[in-house]
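There are 2 protein chains.
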Amino acid sequence: MQISAKADYAVRVMLELAAHGPDVVKSTILIDHQDLPRKFVETILVDLRRADLVRSHRGADGGYTLARPASAISIGQIVRAIDGPLAEVRGLRPHECEYTNAAEHLAEVWVAARAALRKVLDETSLAHVLNGKLPVHVRRMAGSPEAWLPR
Amino acid sequence: MQISAKADYAVRVMLELAAHGPDVVKSTILIDHQDLPRKFVETILVDLRRADLVRSHRGADGGYTLARPASAISIGQIVRAIDGPLAEVRGLRPHECEYTNAAEHLAEVWVAARAALRKVLDETSLAHVLNGKLPVHVRRMAGSPEAWLPR
DNA sequence: GTTTTTCCCTATCGGGGTAATAGGGATTGA
DNA sequence: TCAATCCCTATTACCCCGATAGGGAAAAAC
Ligand code: FES
Ligand code: FES
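Protein chains in written order, with this note's numbering: chain E, 14 to 164; chain R, 14 to 164.
This is the structure in structure tokens:
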């Protein structure tokens, strides 16, 4: 799972947006509060609008708002909008992989890995992250001390 | 989760090796049985040896064997040896990410996602995949029909 | 209706990784 | 000796990533 800088920035910007409830917020405020490269993130915001995750408002006193309530936008949706599919093998979706001989059951492993990812990223919303109350099964995953150790 | 062609080939080659039990097998046989690009996979095999996942035997009648029993080598180990860490955010390990303000709890999400990946890839061995008997929790993941649908 | 503010578009850049091939050198067992 | 096999070092083409530059378009405020 390679989360690009672009996707990471996208999530953070949307979290800042969520923190402002329904208000319109200027891009420069979001960017400054997260300390991100301005010009780069401006292009990300346009991508997010095209993906219908945020709405833009032009002109003086313009800015951005979430396209839907924070509880209805998952981290997975944001990552997918920016980075593409959550899981790919050789550029193919896991379920499209076809294997023969000794590798016959390999696709099942990739599909299981993707399903595991989905259970975390698609069931965690901006609202969950914002107030720190993650879903129980996610919290249990991150709760184990060994989850924080490298391998 | 981006599994590169290199890592995919590595796993498939090692599955073929596992199918031959303790025997020494020539690279060309492994490569032909999985229909892979010869010269490319030759370099992968060298990487696998350096990672101590296979042992090589030179000279006439040479070839490769697994460094350990197939039940003691996980898919995760192979992927890590070839592609590097299972999960990275902006080139950093998930537990190294530091966030402020509205993003304060974001690292927990990345860590949970990595933990979910580990539970699948680190607890599934070559032997499991070879005989199609995956661990129960992995099988349950891949068993759900919706796990095979794109999003 | 002008001004100001903000978003928005296109182009560009360097660097680095990915997939793959080429060609031959080093080792070892037969 | 000899032949098979692994092994090493380029080199290639290509694309993506992170980031910046510079200005154009829209829309609200006044
Ligand atoms: S709280 Fe307003 S942008 Fe951070
Ligand atoms: S079964 Fe021998 S390499 Fe495929």
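Note that CB positions come from ideal geometry on N, CA and C, so glycine has one too.
Among the residues of its own chain, which have a CB less than 6 angstroms from the CB of residue 43(E), if the five just before and after it don't count? As a working note, residue 43(E) is residue 30 in the first sequence. If we look at residue 43(E) and ignore the five residues flanking it on each side, its Cβ neighbours are 26 and 29.
Please state whether DSSP places residue 78(R) in a helix, a strand or coil. Taking the second sequence and counting its residues from 1, the one referred to as residue 78(R) is at position 65. Of the three classes helix, strand and coil, the one that applies to residue 78(R) here is strand, per DSSP.
Residue 59(R) CB to nearest chain E CB: under 9 angstroms? For the purposes of this step, residue 59(R) is taken as residue 46 along the second sequence, with counting starting at 1. No, its Cβ sits nowhere closer than 9 angstroms to a Cβ of chain E.
Assuming residue 160(R) and residue 128(E) make a contact with CB atoms under 8 angstroms, what is their CB distance in whole Å? Translated into positions along the second sequence, residue 160(R) becomes position 147. Translated into positions along the first sequence, residue 128(E) becomes position 115. That belief holds up - the Cβ atoms of residue 160(R) and residue 128(E) are roughly 4 angstroms apart, short of 8 angstroms.
Looking only at C-alpha atoms, which of 22(E), 71(E), 152(E) and 64(E) sits nearest to residue 48(E)? For this step, residue 48(E) is matched to residue 35 along the first sequence. Answer by Cα proximity: 22(E).
Chain-ordered list of residues that sit, by beta carbon, closer than 7 angstroms to a heavy atom of ligand 2: 114(E), 115(E), 29(R), 32(R), 33(R), 38(R), 42(R), 43(R) and 46(R)
Closest by C-alpha distance to residue 157(E), when choosing among 78(R), 121(R) and 145(R): The sequence position of residue 157(E) within the first sequence is 144, counting from 1. Selected option, being the one with the closest Cα: 121(R).
For residue 69(E), which of helix, strand or coil comes out of DSSP? As a working note, residue 69(E) is residue 56 in the first sequence. Three-state result, residue 69(E): strand.
Does DSSP put residue 86(E) in a helix, a strand or coil? Against the first sequence, residue 86(E) aligns to sequence position 73. Coil.
Please classify residue 34(E) as buried or exposed, where buried requires at least 16 neighbouring CB atoms within 10 angstroms. In the first sequence, the residue the question calls residue 34(E) occupies position 21. Its Cβ having fewer than 16 others within 10 Å, residue 34(E) is exposed.
So which of 140(R), 83(R), 45(R) and 94(R) has the shortest CA-CA distance to residue 164(E)? Residue numbering aside, residue 164(E) sits at position 151 when the first sequence is read from its first letter. Nearest of 140(R), 83(R), 45(R) and 94(R) to residue 164(E), Cα basis: 94(R).
For the candidate residues 105(E), 139(E), 119(E) and 59(E), whose alpha-carbon lies nearest to that of residue 90(E)? Taking the first sequence and counting its residues from 1, the one referred to as residue 90(E) is at position 77. Ranking 105(E), 139(E), 119(E) and 59(E) by Cα distance to residue 90(E) puts 139(E) first.
Does the beta carbon of residue 70(R) sit closer than 9 angstroms to a beta carbon anywhere in chain E? For the purposes of this step, residue 70(R) is taken as residue 57 along the second sequence, with counting starting at 1. Judged by the 9 angstroms Cβ criterion, residue 70(R) is not in contact with chain E.
Give the residues of chain E in contact with residue 25(R), contact being defined as C-beta atoms less than 8 angstroms apart. Position 12 of the second sequence holds residue 25(R). In chain order: 112, 115, 116 and 119.
Provide the residue(s) that pair with residue 16(R) in DSSP beta bridges, ordered along the chain. Residue numbering aside, residue 16(R) sits at position 3 when the second sequence is read from its first letter. DSSP, once it has assigned bridges, lists 102(E) as partnering residue 16(R).
Within 10 angstroms of the Cβ of residue 155(R), are there 16 or more other Cβ atoms? Answer buried if so, exposed if not. To locate residue 155(R), count along the second sequence from 1; it is residue 142. Under this definition residue 155(R) is a buried residue.
Could you tell me which chain R residues have their CB closer than 7 angstroms to the CB of residue 66(E), listed as they occur along the chain? By one-based count along the first sequence, residue 66(E) stands at place 53. Neighbours of residue 66(E) on chain R: none; closest Cβ ~15 angstroms, over 7 angstroms.
Does DSSP classify residue 38(R) as helix, strand or coil? Here residue 38(R) corresponds to residue number 25 of the second sequence, with the count starting at 1. In the structure shown, residue 38(R) sits in a strand (DSSP, three-state: E or B).
How many angstroms separate the CA atom of residue 145(R) from the CA atom of residue 116(R)? On the second sequence, residue 145(R) is found 132 positions in, with the first residue counted as 1. On the second sequence, residue 116(R) is found 103 positions in, with the first residue counted as 1. Rounded to whole angstroms, residue 145(R) to residue 116(R) spans 41 angstroms at the Cα level.
Who are residue 138(R)'s beta bridge partners in DSSP? Here residue 138(R) is taken as the residue at index 125 of the second sequence, counted from 1. According to DSSP, residue 138(R) bridges with 87(R).
Cβ shell of residue 99(R) (< 8 angstroms), same chain only, five flanking positions each side left out: For the purposes of this step, residue 99(R) is taken as the residue at position 86 of the second sequence. Hits under 8 angstroms: 14, 89, 92, 93, 127, 130, 131 and 134.
Is the Cβ of residue 34(E) closer than 9 angstroms to any Cβ of chain R? Within the first sequence, numbered from 1, the residue matching residue 34(E) stands at position 21. No, because no Cβ of chain R sits closer than 9 angstroms to the Cβ of residue 34(E).
Buried or exposed for residue 119(R), going by 16 or more other Cβ atoms inside 10 Å? As a position in the second sequence, residue 119(R) is number 106, starting the count at 1. Residue 119(R) comes out buried.
So, at 8 angstroms on beta carbons, what are the nonlocal neighbours of residue 103(R) in its own chain, with the 5 sequence-adjacent residues on each side left out? To locate residue 103(R), count along the second sequence from 1; it is residue 90. So the list reads 110, once near-sequence residues are dropped.
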